[in-house]
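The structure appears below as structure tokens.
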Amino acid sequence: MTYGTHKLLLLILACSMTTGLSVHGMEQEQITCLRPDNVMAVSDTQTMLNYFWQLPQELRYAIFLLFLESSLSYNFTCFQVLEGHTDIVTSAAYSPDGNTVLTGSKDYTACLWDATTGKQLHLLTGHTDWVYSVAYSPDSKTVLTGSMDKTACLWDVTTGKQLHTLKGHTDMVQSVAYSPDGKTILTGSVDKTACLWDATTG
Numbered sequence: 002m003t004y005g006t007h008k009l010l011l012l013i014l015a016c017s018m019t020t021g022l023s024v025h026g027m028e029q030e031q032i033t034c035l036r037p038d039n040v041m042a043v044s045d046t047q048t049m050l051n052y053f054w055q056l057p058q059e060l061r062y063a064i065f066l067l068f069l070e071s072s073l074s075y076n077f078t079c080f081q082v083l084e085g086h087t088d089i090v091t092s093a094a095y096s097p098d099g100n101t102v103l104t105g106s107k108d109y110t111a112c113l114w115d116a117t118t119g120k121q122l123h124l125l126t127g128h129t130d131w132v133y134s135v136a137y138s139p140d141s142k143t144v145l146t147g148s149m150d151k152t153a154c155l156w157d158v159t160t161g162k163q164l165h166t167l168k169g170h171t172d173m174v175q176s177v178a179y180s181p182d183g184k185t186i187l188t189g190s191v192d193k194t195a196c197l198w199d200a201t202t203g
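What the sequence shown shows, in the numbering used here, is residues 2 to 203, in sequence order.
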């Protein structure tokens, strides 16, 4: 199923060895994250929906040529919409294995989705304020969520169960990340600190 074609002006392409590629749109409300195979993308918008985009053929083979270009225009065809959040989607990530998608929202929840069917697998509840940042472990088995409630949470991807709540910051947790070996968690906060955590014990 397709949902039409949207022309997105690309501002900059960033590359990461662990999380793949991300394309930032000229429209401020749109952030597009590419799957590790560089074929599909997830776009967050102010409409509270998540969109799967089919990349143009020329982008798949010349994607690195987009680095730091100021205005390049490509058509993206949306073939899946993820519906379930009740407020603005603030963050999204593809699992390293490409099987699932994680989204965070102002509705205080995060959602795990099947990347192929778009079906919601788990609704992650436990935060008491906006979920601002999300991340996958390198093995795709656990995920992190950072929130305006000053905590980060660790979740099991298979069950959706909350494994640990990381408490220590005194303001919003703005960013979350795993070490390359998945053993350590890093969180960054508006309280001007960053914290390292044991991914097993919390």
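Don't be surprised by glycine CBs; every beta carbon is placed ideally from N, CA and C.
Source: prediction; values computed, not measured.
Minimum C-alpha distance to residue i - residue among the options
i: M149; options: D108, S96, D172 and Q81; result: D172
i: H170; options: T117, D115, C196 and A136; result: C196
i: E84; options: A136, K184 and G119; result: G119
i: D182; options: P97, V90, T87 and H86; result: P97
i: V135; options: D192, T194 and L155; result: L155
i: K193; options: S180, S176 and T185; result: S176
i: G161; options: H123, T87 and A153; result: H123
Sub-9 Å separation of residue i and residue j beta-carbons
i: T146; j: L125; result: yes
i: V174; j: K142; result: no
i: Y95; j: Y137; result: yes
i: Q121; j: W131; result: no
i: L167; j: G203; result: yes
Between the CA atoms of residue j and residue i - distance to the nearest angstrom
i: T129; j: D199; result: 23 Å
i: C112; j: L103; result: 6 Å
i: K107; j: S92; result: 10 Å
i: V90; j: G105; result: 6 Å
i: P139; j: S190; result: 22 Å
i: L187; j: A178; result: 5 Å
i: K184; j: H86; result: 30 Å
i: T201; j: V144; result: 12 Å
Residues that residue i bridges to, as DSSP identifies them
i: G169; result: Beta-bridge pairing links G169 to no other residue.
i: V174; result: S190
i: T152; result: K168
Residue range of the unbroken beta strand (DSSP E) whose run includes residue i
i: D115; result: A111 to D115
i: A93; result: V90 to Y95
i: S138; result: Run containing S138: none; DSSP gives neither H nor E here.
i: V102; result: T101 to S106
i: W131; result: Looking at the DSSP string, W131 is not in any beta strand (DSSP E), and its letter there is neither H nor E.
is_contact[residue i, chain D] using C-beta, thresh 9 Å
i: D130; result: Absence of chain D from the displayed structure is noted, only one protein chain being present.
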